[in-house]
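**Student:**
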Amino acid sequence: MGTRLGDLVERFGGQLVGDPDLEVQGIAPLDGAGASHISFLSNSKLRALAAQSGAAALIVSPLDDATVATTYAGARIVTTNPYAYFARVAQYFVALEEVVPPPGIHPSAVVHETARIAPTAHIGPNVTIEEGAAIDAGVRIDAGCFVGREAEIGADTHLFANVTFHARCRIGKRGILHSGAVIGTDGFGFARENGVYIKIPQTGRVLLGDDVDVGANTTIDRGALDDTIIEDGVKLDNQIQIGHNCRIGANTAMAGCVGVAGSAKIGKNCTFGGAAMVLGHLEIADNVHISSGSMVSRSVLEPGQYTGFYPLAKNAEWEKSAAIVRNLSSLREKMRSLEKQIKQLTEPSEQK
Amino acid sequence: MGTRLGDLVERFGGQLVGDPDLEVQGIAPLDGAGASHISFLSNSKLRALAAQSGAAALIVSPLDDATVATTYAGARIVTTNPYAYFARVAQYFVALEEVVPPPGIHPSAVVHETARIAPTAHIGPNVTIEEGAAIDAGVRIDAGCFVGREAEIGADTHLFANVTFHARCRIGKRGILHSGAVIGTDGFGFARENGVYIKIPQTGRVLLGDDVDVGANTTIDRGALDDTIIEDGVKLDNQIQIGHNCRIGANTAMAGCVGVAGSAKIGKNCTFGGAAMVLGHLEIADNVHISSGSMVSRSVLEPGQYTGFYPLAKNAEWEKSAAIVRNLSSLREKMRSLEKQIKQLTEPSEQK
Amino acid sequence: MGTRLGDLVERFGGQLVGDPDLEVQGIAPLDGAGASHISFLSNSKLRALAAQSGAAALIVSPLDDATVATTYAGARIVTTNPYAYFARVAQYFVALEEVVPPPGIHPSAVVHETARIAPTAHIGPNVTIEEGAAIDAGVRIDAGCFVGREAEIGADTHLFANVTFHARCRIGKRGILHSGAVIGTDGFGFARENGVYIKIPQTGRVLLGDDVDVGANTTIDRGALDDTIIEDGVKLDNQIQIGHNCRIGANTAMAGCVGVAGSAKIGKNCTFGGAAMVLGHLEIADNVHISSGSMVSRSVLEPGQYTGFYPLAKNAEWEKSAAIVRNLSSLREKMRSLEKQIKQLTEPSEQK
Numbered sequence: 054m055g056t057r058l059g060d061l062v063e064r065f066g067g068q069l070v071g072d073p074d075l076e077v078q079g080i081a082p083l084d085g086a087g088a089s090h091i092s093f094l095s096n097s098k099l100r101a102l103a104a105q106s107g108a109a110a111l112i113v114s115p116l117d118d119a120t121v122a123t124t125y126a127g128a129r130i131v132t133t134n135p136y137a138y139f140a141r142v143a144q145y146f147v148a149l150e151e152v153v154p155p156p157g158i159h160p161s162a163v164v165h166e167t168a169r170i171a172p173t174a175h176i177g178p179n180v181t182i183e184e185g186a187a188i189d190a191g192v193r194i195d196a197g198c199f200v201g202r203e204a205e206i207g208a209d210t211h212l213f214a215n216v217t218f219h220a221r222c223r224i225g226k227r228g229i230l231h232s233g234a235v236i237g238t239d240g241f242g243f244a245r246e247n248g249v250y251i252k253i254p255q256t257g258r259v260l261l262g263d264d265v266d267v268g269a270n271t272t273i274d275r276g277a278l279d280d281t282i283i284e285d286g287v288k289l290d291n292q293i294q295i296g297h298n299c300r301i302g303a304n305t306a307m308a309g310c311v312g313v314a315g316s317a318k319i320g321k322n323c324t325f326g327g328a329a330m331v332l333g334h335l336e337i338a339d340n341v342h343i344s345s346g347s348m349v350s351r352s353v354l355e356p357g358q359y360t361g362f363y364p365l366a367k368n369a370e371w372e373k374s375a376a377i378v379r380n381l382s383s384l385r386e387k388m389r390s391l392e393k394q395i396k397q398l399t400e401p402s403e404q405k
Numbered sequence: 054m055g056t057r058l059g060d061l062v063e064r065f066g067g068q069l070v071g072d073p074d075l076e077v078q079g080i081a082p083l084d085g086a087g088a089s090h091i092s093f094l095s096n097s098k099l100r101a102l103a104a105q106s107g108a109a110a111l112i113v114s115p116l117d118d119a120t121v122a123t124t125y126a127g128a129r130i131v132t133t134n135p136y137a138y139f140a141r142v143a144q145y146f147v148a149l150e151e152v153v154p155p156p157g158i159h160p161s162a163v164v165h166e167t168a169r170i171a172p173t174a175h176i177g178p179n180v181t182i183e184e185g186a187a188i189d190a191g192v193r194i195d196a197g198c199f200v201g202r203e204a205e206i207g208a209d210t211h212l213f214a215n216v217t218f219h220a221r222c223r224i225g226k227r228g229i230l231h232s233g234a235v236i237g238t239d240g241f242g243f244a245r246e247n248g249v250y251i252k253i254p255q256t257g258r259v260l261l262g263d264d265v266d267v268g269a270n271t272t273i274d275r276g277a278l279d280d281t282i283i284e285d286g287v288k289l290d291n292q293i294q295i296g297h298n299c300r301i302g303a304n305t306a307m308a309g310c311v312g313v314a315g316s317a318k319i320g321k322n323c324t325f326g327g328a329a330m331v332l333g334h335l336e337i338a339d340n341v342h343i344s345s346g347s348m349v350s351r352s353v354l355e356p357g358q359y360t361g362f363y364p365l366a367k368n369a370e371w372e373k374s375a376a377i378v379r380n381l382s383s384l385r386e387k388m389r390s391l392e393k394q395i396k397q398l399t400e401p402s403e404q405k
Numbered sequence: 054m055g056t057r058l059g060d061l062v063e064r065f066g067g068q069l070v071g072d073p074d075l076e077v078q079g080i081a082p083l084d085g086a087g088a089s090h091i092s093f094l095s096n097s098k099l100r101a102l103a104a105q106s107g108a109a110a111l112i113v114s115p116l117d118d119a120t121v122a123t124t125y126a127g128a129r130i131v132t133t134n135p136y137a138y139f140a141r142v143a144q145y146f147v148a149l150e151e152v153v154p155p156p157g158i159h160p161s162a163v164v165h166e167t168a169r170i171a172p173t174a175h176i177g178p179n180v181t182i183e184e185g186a187a188i189d190a191g192v193r194i195d196a197g198c199f200v201g202r203e204a205e206i207g208a209d210t211h212l213f214a215n216v217t218f219h220a221r222c223r224i225g226k227r228g229i230l231h232s233g234a235v236i237g238t239d240g241f242g243f244a245r246e247n248g249v250y251i252k253i254p255q256t257g258r259v260l261l262g263d264d265v266d267v268g269a270n271t272t273i274d275r276g277a278l279d280d281t282i283i284e285d286g287v288k289l290d291n292q293i294q295i296g297h298n299c300r301i302g303a304n305t306a307m308a309g310c311v312g313v314a315g316s317a318k319i320g321k322n323c324t325f326g327g328a329a330m331v332l333g334h335l336e337i338a339d340n341v342h343i344s345s346g347s348m349v350s351r352s353v354l355e356p357g358q359y360t361g362f363y364p365l366a367k368n369a370e371w372e373k374s375a376a377i378v379r380n381l382s383s384l385r386e387k388m389r390s391l392e393k394q395i396k397q398l399t400e401p402s403e404q405k
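Protein chains in written order, with our numbering: chain A, 54 to 405; chain B, 54 to 405; chain C, 54 to 405.
#1: Ordered along the chain, which non-local residues of its own chain (more than five positions away) have a Cβ less than 8 angstroms from that of Gly127/B?
#2: With a threshold of 16 other CB atoms inside 10 Å of the CB of Ser390/C, please say whether the residue is buried or exposed.
#3: May I have the straight-line CA-CA distance separating Phe362/C from Glu370/C, to the nearest angstrom?
#4: For Tyr145/A, which residues from the same chain have a beta carbon less than 8 angstroms from its beta carbon, with the 5 sequence-adjacent residues on both sides left out?
#5: Of all the beta strand (DSSP E) runs that stay within the bounds of the segment 218-299 of chain C, which reach a length of 3 or more residues?
#6: From the DSSP secondary-structure annotation, give me the bridge partner or partners of Thr360/B.
#7: In whole angstroms, what separates the C-alpha of Arg379/B from that of Phe241/C?
#8: Going by DSSP, what residue range makes up the beta strand (DSSP E) through Val341/A?
#9: Taking DSSP as the reference, what is the three-state secondary structure of Arg202/A?
#10: Check for me: the alpha helix (DSSP H) holding Gln144/A runs from which residue to which?
#11: At a CB-CB cut-off below 8 angstroms, which residues of chain B make contact with Ala86/C?
#12: Pick helix, strand or coil for Lys98/C, following the three-state DSSP scheme.
#13: For Arg141/A and Gly79/A, what's the separation of their Cα atoms in angstroms?
#14: State buried or exposed for Asn247/B, treating a residue as buried only when at least 16 other CB atoms are found within 10 Å of its CB.
#15: Scan the segment 160-172 of chain B for residues whose Cβ lies nearer than 8 angstroms to a Cβ of chain C and list them as they occur along the chain.
#16: Checking 7 angstroms against the spacing of the C-beta atoms, do Arg227/C and Asp239/C come in under that value?
#17: May I have a chain-ordered list of the alpha helix (DSSP H) segments no shorter than 4 residues that lie completely inside the segment 55-128 of chain B?
#18: Spatial neighbours of Phe218/C within its chain, please: C-beta separation below 6 angstroms, excluding the five flanking residues on both sides.
#19: Would you list, in chain order, the members of the segment 292-319 of chain C that have their beta-carbon closer than 8 angstroms to a beta-carbon of chain A?
#20: Take every Cβ of the segment 302-310 of chain C, pair it with every Cβ of the segment 324-344 of chain C, and state whether three or more of those distances are shorter than 8 angstroms.
#21: By DSSP, does Ala208/A sit in helix, in strand, or in coil?
#22: Is the separation between the beta-carbon of Thr281/B and that of Ala234/B shorter than 7 angstroms?
#23: In chain C, which residues lie less than 7 angstroms from Pro3/A when you measure between Cβ atoms?
#24: Determine whether the Cβ of Ala196/A lies closer than 7 angstroms to any Cβ atom of chain B.
#25: Could you check what DSSP says for Ser390/C in three-state terms: helix, strand or coil?
#26: List the residues of chain B whose Cβ lies closer than 7 angstroms to the Cβ of Thr217/A, in chain order.
#27: Run through DSSP, which three-state label would Arg193/C get?
#28: Starting from the C-beta of Glu76/A, find all residues in its chain whose C-beta is less than 7 angstroms away, skip the five residues before and the five after it, and write them out in chain order.
#29: For His30/B, write down the residues that DSSP places opposite it in a beta bridge.
#30: If we define contact as Cβ-Cβ less than 7 angstroms, is Lys373/A a contact residue for chain C?
#31: Let me know if Gln397/B comes out buried or exposed under the rule of 16 or more other beta-carbons within 10 Å of its beta-carbon.
#32: Where Arg202/B and Ala187/B are concerned, what is the direct C-alpha to C-alpha distance, given to the nearest angstrom?
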């Protein structure tokens, strides 16, 4: 009932050292794997652990394979990126056991007659789909989701339960929207007159590319006039807020609780640690990495790692340092006064 | 099929310079506007752009009009606040095209027989409305919303899909609650005994005034005994948390991800940048402006702009500065020691 | 129609000084209580207020009772923890008036035929419960909730409207999940290959113990392979994010907007102020208290209070201090240079 190593290699590549007819039934970490498992060595520091692993087979890099070959008796699949290979094999085994809901529209779902639902799509219980929405092949929309008027959901995209996807927004193929995510809510735009806010209509859309993941309770605002753009391969964790008219470049990843204010333009291949914040209208170049908890208050045009958070300390120590931080300019004044005094002390002695 | 400039002026005020029978069909930015558009000049720096605009008409301030009159050939509506005028005209054009759902209760909605639903209200699919709730004229409640027992929704208020509005809470007229917002969840109140938390019942309500906007996935807790109060005209962006028994003064605006802990009292006409945090039981005066990412750990009783976040730097530089911040008190000690030494060096020389 | 003081003491303990047949109908604060109320003195500073209280009876500590006995004429219940006693009495009075929905499954709910629903459980309108889920006695699941395949909800647990509880996750007894909470969403795990993220399947669960409260719009990720664990008595406020494979120790409490990155292990009896953030893979000991707005970027192995946020100041002052923080290393360099100069000035004079 397992999968042949030969079949894995045929499907995912890599060079097999060992019996192609050997079968494995799942993937497990080095120290948890048994004779029915394949495991993986993604970090050279774990070579010793690999030697002792009970796994039937190991996924290893060419670099590690030289050592592993001498210490580990099982089969090996040699590949340049064992961690990515692990991810694909794990996806494969999960898919074997996954309970996939059948195509079709649950009777309790409310689907407007003008909505186009692909025959292979699954529409779960208590879902609402408005007029003119388009749901492509293989899409899965779980219970309680809302898909607004003329919205478009690309092939094989998965909306977990209780996602809200507003009118005219679009997501490409193979996307994942986790529960509670809200796509296409109004941006926060107002004119102020006599102390009162007057709402500026938000008529843009949110356009998400292919292979985009959006975490639970993450919110992405529609653009004011133009669109908010999330490019291909962007991965957003939970509880993230993306303001109107932002653009997030391909394959950028953001950890939980990040906030991006309106009209910020973020490059490709960036990473943002948890709770990082980006002010509005800033530009962030490609390959910029922002540490957790950092406030980005100016554009960052050079790649690199950037950080800005107050270091943690015992409360009593923080009290001291924070009090000094509050008066840093007086500390600097004293410094300058000392410099002057020393200069006076030094100069006359030189004149003697 | 357009709207006469004369009709706009009759509706929204301002002084028309040009043909009242000229028709426009929409509003567009200066550089995107064509012969069927009206545009607006809200920033004097853009006067040059206005001169070149292809718009049929411009909304301008009296100050800018003097210049614009000499450089721009189209019609003008002169008004003291062109940006607010733009907002109103944009609302007008959006309303012309908006698909408004018809009054009535969708058959899939579950509405308790004792709930009072105005005939002009729209109750969407899969909505639940509990006993004794009151839904006023022109209210729109989109798919999947929940309105608890004896809650009250004022006239023309709009609940977007998947809003949760708990028992006995109230919102006034013309409010907007965006998707995923949760109004009236229990406050976070516990007594601690023998290391275990004992829940304190939260029996207050949330009372929201007129013209209040609440962003997507924003949460507002009900009061413990007294009520949580959100006054007229307050605008809350997405993912904001308001703790129990807070009061937020009229026309205060908060950007995304702000947090306000319980019992904080915030004045009128304040603004809070994204991810600003306010500790519990504090008082913030009227007209206080808190910058993004700032932690408000003490009451702020004087109007003005306040800030408190660690400045962003390249990671290597931050490592250096953070290490010094951690030891600022030793830096100050050294400074004091230097002061003393210099005093000794200086004083004897004066005694000579 | 009230409750006898004697009955309260029988139910909740404490020593009654006064007439056991005296009836009270509710609990109120010292200054709001009248002849039909019982009140409580949880803070010795309020003794003067207690003396003037119109309450029929007071809950007091033995320490305060000596004073209160001489100044206050009503009945007293003497108990070591008046605040906890208040919480229990308040729960009691609230329960008397609470509208409890009847047991049974609302006709609009979609419950899979293989799900086990206890006869005393309440399943509200528009709820979805998938195959194999188990709902224990006294559970209350309000409108719009989703409970995934093989999930387990322990006795007397309450899911407020619009909660999402994913497949195979478990919660124990007497839990409260507030609206918009999402339990068991996928963790944020990816392998990166050629600049593209490959999803690592998240096959662990979320296991919540007994007496766990989860706030509105809080999200807890399922583990990657192992489970995410929330121990007994943990209290989480709104808008909190808990990453995959975290463990949170018993009776730890977190205020709103806290974020905990993946694989962090947090001890028992800890408290986290609002918007505190914990990086991934860290360890936090028992009895650690983290102040609001603090970034925990290293493990904290010693109990105590820890803080790390930039102090708030008027914006102009912050501009100054932040500019100096940015250049703290140059300030330190100057300091060192001054030290050297002073040493040179001092040493020769000693050699004379």
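Virtual Cβ for every residue (Gly too), placed ideally from N, Cα, C.
**Tutor:** In short:
#1: Gly71, Ser106, Ala108, Ala109, Ala110, Leu111
#2: exposed
#3: 16 angstroms
#4: Thr56, Leu61, Arg64, Phe65
#5: DSSP runs (the beta strand (DSSP E)) wholly in the segment 218-299 of chain C: 235-238, 243-246, 249-252, 259-261, 272-274, 281-283.
#6: Ala366/C
#7: If you draw a straight line from the Cα of Arg379/B to the Cα of Phe241/C, it comes to about 32 angstroms.
#8: 341-343
#9: coil
#10: 135-150
#11: In chain order: nothing, as chain B lies at least about 11 angstroms away.
#12: helix
#13: 12 angstroms
#14: exposed
#15: With the criterion set as a beta carbon lying under 8 angstroms from some beta carbon of chain C, the members of the segment 160-172 of chain B are Ser161, Val163, in sequence order.
#16: Annotated as distal: Arg227/C and Asp239/C, with beta-carbon spacing of 7 angstroms or more.
#17: The segment 55-128 of chain B contains these whole alpha helix (DSSP H) runs: 58-65, 100-104, 115-124.
#18: Val200, Ala204, Ile236
#19: Gln292, Gln294, Gly296, Cys310, Gly312, Ala314
#20: yes
#21: coil
#22: no
#23: What is shown of chain A runs 54 to 405, which leaves residue 3/A out entirely.
#24: no
#25: Here DSSP, grouped into helix, strand and coil, assigns Ser390/C to helix.
#26: Ala214, Asn215, Ser232, Gly233
#27: strand
#28: Gly55, Thr56, Arg57
#29: The requested residue 30/B does not occur in the structure, where chain B is confined to residues 54 to 405.
#30: no
#31: exposed
#32: When rounded, the distance between both Cα atoms is 9 angstroms.
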